[in-house]
Amino acid sequence: MFSGAQISLYPMADDFVGVILGALGALDPYRDRLRIETDDISTLLVGPPEVLFPAMRDLFVAAARNGRHCVLSAAVSRGCPGEPDDPICRSDEIAGPAIPLDERKVAAIRAVQATPSTGQPATAQFSLYVMGAGDHMDEIYGCIDFLKQSGVFERSKHFCTKLRGDAGAIFATLAEAFCRFGPGAGHVTLDITISANSPTAV
8 MFSGAQISLY PMADDFVGVI LGALGALDPY RDRLRIETDD ISTLLVGPPE VLFPAMRDLF
68 VAAARNGRHC VLSAAVSRGC PGEPDDPICR SDEIAGPAIP LDERKVAAIR AVQATPSTGQ
128 PATAQFSLYV MGAGDHMDEI YGCIDFLKQS GVFERSKHFC TKLRGDAGAI FATLAEAFCR
188 FGPGAGHVTL DITISANSPT AV
């Protein structure tokens, strides 16, 4: 299976280049388990979800720690039929419908609750897309049930769900949504926007 993320980091600062370059060191612990390709629009991270989401979290937290408004935008995908299989993406974390939905929801909640804090408050909005026919709406509704019990659920919005809390719990929630809902061998995507230090009043 192929899994990865196209990410773009947007620090709202005059020295945005310095903020981005300064944050890149946060990816160093993950480089041996990720394929990383950068162009003038985004950076592709290819690898298993258990590496992808911590890498995105650490990059975002490193960029946001200076207190300036920072946004990370990501399109995350697994199982796309148009992508080749890649051994670097092998994962035991993805749990599809072979495990009952209620069991997956409970496991997802426990995983988020066990996540250490980063100390970086953040907000996020995201949409889960389960591709294909069948009971994909059951999977999406199951994910929504999980989100409401995740501890970071703020509210439903048109076309997406809003999360608020520590960046560690938010990225853990996104990882659980990505890995535990939708067919284990099927195409699942997330459309994510994460923000920290926004000047907009809560």
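Counting along the sequence shown from 1, when you hit position 192 you're at 199 in our numbering, and nothing is skipped either side. We put the CB at the ideal spot given by N, CA and C, even for glycine.
On a Cα-Cα basis, can you pick out the residue from V113, G191, V26 that is closest to V78?
In the sequence shown, counting from the first residue as 1, residue 78 sits at position 71. If we check each option's Cα against that of V78, V26 comes out closest.
Can you tell me which residues form a DSSP beta bridge with D142?
Stepping through the sequence shown from its first residue, residue 142 is reached at position 135. According to DSSP, D142 bridges with nothing at all.
Over what stretch of residues does the alpha helix (DSSP H) that includes A99 continue unbroken?
Locating residue 99 in the sequence shown gives position 92, counting from the first residue. Correcting the residue type first, residue 99 is Asp in the shown sequence and not Ala. Looking at the DSSP string, D99 is not in any alpha helix (DSSP H), and its letter there is neither H nor E.
I'd like to know if the region 184-191 and the region 89-102 are in contact, where contact means that at least 3 CB-CB pairs between them fall below 8 Å.
With the rule of 3 Cβ pairs closer than 8 Å, the region 184-191 counts as touching the region 89-102.
From the DSSP secondary-structure annotation, give me the bridge partner or partners of G11.
Within the sequence shown, residue 11 is the residue found at index 4, counting from 1. According to DSSP, G11 bridges with V53, S84.
Answer yes or no: do V195 and G86 have a C-beta to C-beta separation smaller than 9 Å?
As a position in the sequence shown, residue 195 is number 188, starting the count at 1. As a position in the sequence shown, residue 86 is number 79, starting the count at 1. Yes.
Which first and last residues belong to the beta strand (DSSP E) in which G198 is found?
Here residue 198 corresponds to residue number 191 of the sequence shown, with the count starting at 1. Per the sequence shown, residue 198 should be read as Asp rather than Gly. Where D198 is concerned, the enclosing beta strand (DSSP E) stretches over 195-203.
Name the DSSP beta bridge partners of P128, please?
Mapped onto the sequence shown, residue 128 falls at position 121. Per DSSP, D173.
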